[in-house]
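Line by line, the protein sequences give chains A and B. Under my numbering, the first residue of the first sequence is numbered 128, with each subsequent residue one higher. Under my numbering, the first residue of the second sequence is numbered 128, with each subsequent residue one higher. Ideal placement from N, C-alpha and C gives every residue a C-beta, glycine not left out. One structure below.
There are 2 protein chains.
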Amino acid sequence: MAKPLAVVLLSGGLDSCVTAALAARDHDLALLHVKYGQRTEAREERAFRDLCEYFRPRYFLITEVPALKAIGGSALTDASIAVPEKEPDPRSIPVTYVPFRNAHFLAIATSWAEVLGAGKIFIGANELDFSGYPDCRRSFFDAFEKAIEEGTRPETRIRIETPLIHLTKAQIVKLGAELKAPFHLTWSCYQQEEKACGRCESCRLRLKAFAEAGLKDPIPYASPATEDI
Amino acid sequence: MAKPLAVVLLSGGLDSCVTAALAARDHDLALLHVKYGQRTEAREERAFRDLCEYFRPRYFLITEVPALKAIGGSALTDASIAVPEKEPDPRSIPVTYVPFRNAHFLAIATSWAEVLGAGKIFIGANELDFSGYPDCRRSFFDAFEKAIEEGTRPETRIRIETPLIHLTKAQIVKLGAELKAPFHLTWSCYQQEEKACGRCESCRLRLKAFAEAGLKDPIPYASPATEDI
């Protein structure tokens, strides 16, 4: 018998890969990748395609939100704003915050889930290490879930699953290792597409997480900033 | 002194035109048009551009959501599903419902409003004549407003204004006439781009509204279905 279907937002990064591995235990997958004009768009799409070969989903969809690049306001979508080479300050909103980005992703996931008849959307958002992104908090997902309830057909029931929301990045790495998640196919760097830079805030969080988990990150780095992680 | 800035979702149809005319009384405008692969996309974009010339907004943005066409599930985005030539049954969801469409529009409007510093988003949604669209109900906008509050910067305050939500279509026409809204520049037909078909559910609602308001619709019709409106 077929498993129930779940839409999984899969950027191609570490967290979404672990989320897909988790979802795959009990669901058939509809893997969704959204391009939004971010710096490493092409590399992330490649990671998504590689992960599709690995997960063999029932459906996959690559789409784009050109508005986020047109609107800008983030170091990820506006080349004139530099990507910081340090860990984000958890007390303020990082300049890599893309305004309300996850709402765009969830709107697409919801439309697709409603048409496919999927009852769950999985998203690998995480409050702890990225508490600076307001659209990565469970309170946002709760509110969005209510908007889904009000804004879709009466018979549509869609839950937003955020299994990583309260885990540390090191716990996510450990969980991924248990699930044999294909870390080698993922991409997290905000700046580079050949080798990960090792210096941007995303690389630093990732490297620190692998170090804390006592595991080696299998992807290639240009210059891991090991002096200060 | 400059008026406060408001983002207005402007499809180019009757309701959004009246909404823009209302918003323009007390706000500078940031007019937003979203293409989503709908049948009359090119004609609606022309209406938007004509309305921009009329309203002379401080900002305008034309963008697109290709996902809605890719996902389908609606007569407006899937050519294999016919547009009905009758008024929608208010007790069921019309086949012209585009799954969760307004959430995509509001996500874009919110990202833009946050970057521009606009405190309001105006949308010409209407519960009465289109109660069949779940994402046109005030309960949906209330829930989405909460998602905006949770998913944007702490200092961001954005309200969703739905001034037409409880009006009948005839009341909207009368209000537009009072505001001298440029009806002649608008487009509502779901099927045609040269002359409005006069027969699709959107044309029927529009013609009926003008008839009830005792006014003449200034746009050209190919064959108004006057026998049964």
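8 Å Cβ cutoff, residue 143(B) in contact with chain A: Your numbering for residue 143(B) matches position 16 in the second sequence. It does not; no Cβ of chain A falls within 8 Å.
Is the shortest distance between the beta-carbon of residue 123(B) and the beta-carbons of chain A less than 8 Å? What the structure shows of chain B is the stretch from 128 to 356, and residue 123(B) is not part of that stretch, so it cannot be assessed.
At a CB-CB cut-off below 8 Å, which residues of chain B make contact with residue 190(A)? Looking up residue 190(A) in the first sequence gives position 63. Chain B residues near residue 190(A): 193, 194, 197.
In the DSSP assignment, find the unbroken beta strand (DSSP E) run with residue 288(B) in it and report its ends. Here residue 288(B) refers to the residue found at position 161 of the second sequence. Residues 286-288.
Can you give the Cα-Cα distance for residue 148(B) and residue 310(A), rounded to whole angstroms? Taking the second sequence and counting its residues from 1, one reaches residue 148(B) at position 21. Taking the first sequence and counting its residues from 1, one reaches residue 310(A) at position 183. Near 53 Å, if we compare the C-alpha coordinates of residue 310(A) and residue 148(B).
So the candidates are 226(A), 238(A), 221(A); which of them puts its Cα closest to the Cα of residue 227(B)? The residue given as residue 227(B) occupies position 100 in the second sequence. When each option's Cα is compared against that of residue 227(B), the closest is 238(A).
What does residue 80(A) reach in chain B if we use C-beta pairs closer than 8 Å? Absent from the structure is residue 80(A), since the part of chain A shown begins at 128 and ends at 356.
For residue 336(B), does the three-state DSSP call read helix, strand or coil? For the purposes of this step, residue 336(B) is taken as the residue at position 209 of the second sequence. The answer is helix: DSSP assigns residue 336(B) an H, G or I state.
CA nearest to the CA of residue 145(A), picked from 305(A), 189(A), 319(A), 263(A): Counting from 1 along the first sequence, the entry for residue 145(A) is found at position 18. The residue with the shortest Cα to Cα distance from residue 145(A) is 305(A).
So, residue 251(B) versus residue 142(B), is the Cβ gap smaller than 8 Å? For the purposes of this step, residue 251(B) is identified with residue 124 of the second sequence, where counting begins at 1. For the purposes of this step, residue 142(B) is identified with residue 15 of the second sequence, where counting begins at 1. Yes, the Cβ-Cβ distance between residue 251(B) and residue 142(B) is below 8 Å.
Return the chain-ordered list of same chain residues with a C-beta closer than 6 Å to the C-beta of residue 355(A), the five sequence neighbours on each side being excluded. Here residue 355(A) refers to the residue found at position 228 of the first sequence. In this prediction, residue 355(A) scores a pLDDT of 48, lower than 50, which makes its location untrustworthy; the coordinate-derived value is nonetheless stated afterwards. Excluding residues within five positions, none has a Cβ falling inside 6 Å.
Rounded to a whole number of angstroms, what is the C-alpha to C-alpha distance between residue 233(B) and residue 272(B)? Position 106 of the second sequence, counted from the first residue, corresponds to residue 233(B). Position 145 of the second sequence, counted from the first residue, corresponds to residue 272(B). Their Cα atoms are separated by approximately 9 Å.
How many Å lie between residue 161(A) and residue 302(B) at the Cα? Mapped onto the first sequence, residue 161(A) falls at position 34. Mapped onto the second sequence, residue 302(B) falls at position 175. C-alpha separation (whole angstroms): 40 Å.
Residues of chain A with CB under 8 Å from residue 231(B), in chain order? By 1-based counting over the second sequence, the position of residue 231(B) is 104. Ordered by position in chain A, the residues that pass the 8 Å Cβ test against residue 231(B) are 231, 234, 235, 238.
Exposed or buried, what is residue 169(B) when buried is set at 16 or more other beta-carbons lying within 10 Å of its beta-carbon? Within the second sequence, numbered from 1, the residue matching residue 169(B) stands at position 42. Answer is exposed; the Cβ neighbour count stays below 16.
To which residues of the same chain is residue 255(B) closer than 6 Å at the C-beta, ignoring the five residues directly before and after it? As a first step, residue 255(B) must be located in the second sequence, where it is residue number 128. Counting only Cβ-Cβ distances below 6 Å, and skipping sequence neighbours, we find 295.
Is residue 200(B) close to chain A, meaning its C-beta is less than 8 Å from at least one C-beta of that chain? Taking the second sequence and counting its residues from 1, the one referred to as residue 200(B) is at position 73. Judged by the 8 Å Cβ criterion, residue 200(B) is in contact with chain A.
Cβ shell of residue 214(B) (< 7 Å), same chain only, five flanking positions each side left out: Numbered from 1 along the second sequence, position 87 holds the residue referred to as residue 214(B). 328, 331, 332, listed in sequence order.
Do the CB positions of residue 231(A) and residue 195(A) come within less than 8 Å of each other? Numbered from its first residue, the first sequence carries residue 231(A) at position 104. Numbered from its first residue, the first sequence carries residue 195(A) at position 68. Going by C-beta atoms, residue 231(A) is nearer than 8 Å to residue 195(A).
Residue 198(A) and residue 172(A) - do their beta-carbons sit closer together than 8 Å? Translated into the one-based positions of the first sequence, residue 172(A) becomes position 45. Translated into the one-based positions of the first sequence, residue 198(A) becomes position 71. Cβ atoms of residue 172(A) and residue 198(A): not closer than 8 Å.
If we ignore side chains and look at the alpha-carbon of each, how far apart do residue 298(A) and residue 179(B) end up? Locating residue 298(A) in the first sequence gives position 171, where the first residue counts as 1. Locating residue 179(B) in the second sequence gives position 52, where the first residue counts as 1. Taking the straight line from one Cα to the other gives about 52 Å.
Measure from the C-beta of residue 220(A) to each C-beta in chain B and report whether the shortest distance is under 8 Å. By 1-based counting over the first sequence, the position of residue 220(A) is 93. Output row for residue 220(A): interface = yes.
Thinking C-beta only, is residue 241(B) closer than 8 Å to residue 280(B)? Here residue 280(B) corresponds to residue number 153 of the second sequence, with the count starting at 1. Here residue 241(B) corresponds to residue number 114 of the second sequence, with the count starting at 1. Yes.
Between the beta-carbon of residue 115(A) and the beta-carbon of residue 139(A), is there less than 8 Å? There is no way to answer for residue 115(A), as the model of chain A reaches only from 128 to 356.
DSSP state of residue 154(B) mapped onto helix, strand, coil: Stepping through the second sequence from its first residue, residue 154(B) is reached at position 27. Residue 154(B) falls in the coil class under three-state DSSP.
Do we get a CB-CB distance below 8 Å when we pair residue 270(B) with the residues of chain A? Along the second sequence, one-based indexing puts residue 270(B) at 143. For residue 270(B), the answer is yes, since a Cβ of chain A falls inside 8 Å of its Cβ.
Residue 156(A) and residue 182(A) closer than 8 Å at C-beta: The residue given as residue 156(A) occupies position 29 in the first sequence. The residue given as residue 182(A) occupies position 55 in the first sequence. It is a contact, given that the beta carbons lie within the stated cut-off.
Need the endpoints of the alpha helix (DSSP H) that residue 175(A) sits in, please. Residue mapping note: residue 175(A) aligns to position 48 of the first sequence, counting from 1. Element bounds for residue 175(A): 168-182.
Should residue 242(B) be flagged as near chain A, meaning a C-beta pair shorter than 8 Å? Within the second sequence, residue 242(B) is the residue found at index 115, counting from 1. By this cut-off, residue 242(B) is an interface position.
At a CB-CB cut-off below 7 Å, which residues of chain A make contact with residue 274(B)? Along the second sequence, read from residue 1 onward, the residue named residue 274(B) stands at position 147. Near residue 274(B) (Cβ distances below 7 Å), the residues of chain A are 230, 267, 270, 271, 274.
Taking the straight line between their C-alpha atoms, what separation do you get for residue 260(A) and residue 210(B)? Sequence index remark: in the first sequence, residue 260(A) carries index 133 (1-based). Sequence index remark: in the second sequence, residue 210(B) carries index 83 (1-based). Cα to Cα, residue 260(A) sits roughly 42 Å from residue 210(B).
Out of 262(A), 193(A), 314(A), state which residue places its alpha-carbon closest to the alpha-carbon of residue 220(A). The sequence position of residue 220(A) within the first sequence is 93, counting from 1. Checked all of 262(A), 193(A), 314(A); the closest Cα to residue 220(A) is 262(A).
Host alpha helix (DSSP H) of residue 237(B) (start-end): Working through the second sequence from its first residue, we reach residue 237(B) at position 110. Note, residue 237(B): alpha helix (DSSP H), 228-243.
Do you know how far the Cα of residue 134(B) is from the Cα of residue 324(B)? Here the question's residue 324(B) lines up with position 197 in the second sequence. Here the question's residue 134(B) lines up with position 7 in the second sequence. Each residue's Cα considered, the two are about 31 Å apart.
What is the rounded straight-line gap between the Cα of residue 278(A) and the Cα of residue 248(B)? Along the first sequence, read from residue 1 onward, the residue named residue 278(A) stands at position 151. Along the second sequence, read from residue 1 onward, the residue named residue 248(B) stands at position 121. Those two C-alpha atoms are separated by around 17 Å.
Beta carbon of residue 274(A), beta carbon of residue 206(B): below 8 Å? Reading the first sequence from its first residue, position 147 is the one you call residue 274(A). Reading the second sequence from its first residue, position 79 is the one you call residue 206(B). Contact flag unset, no.
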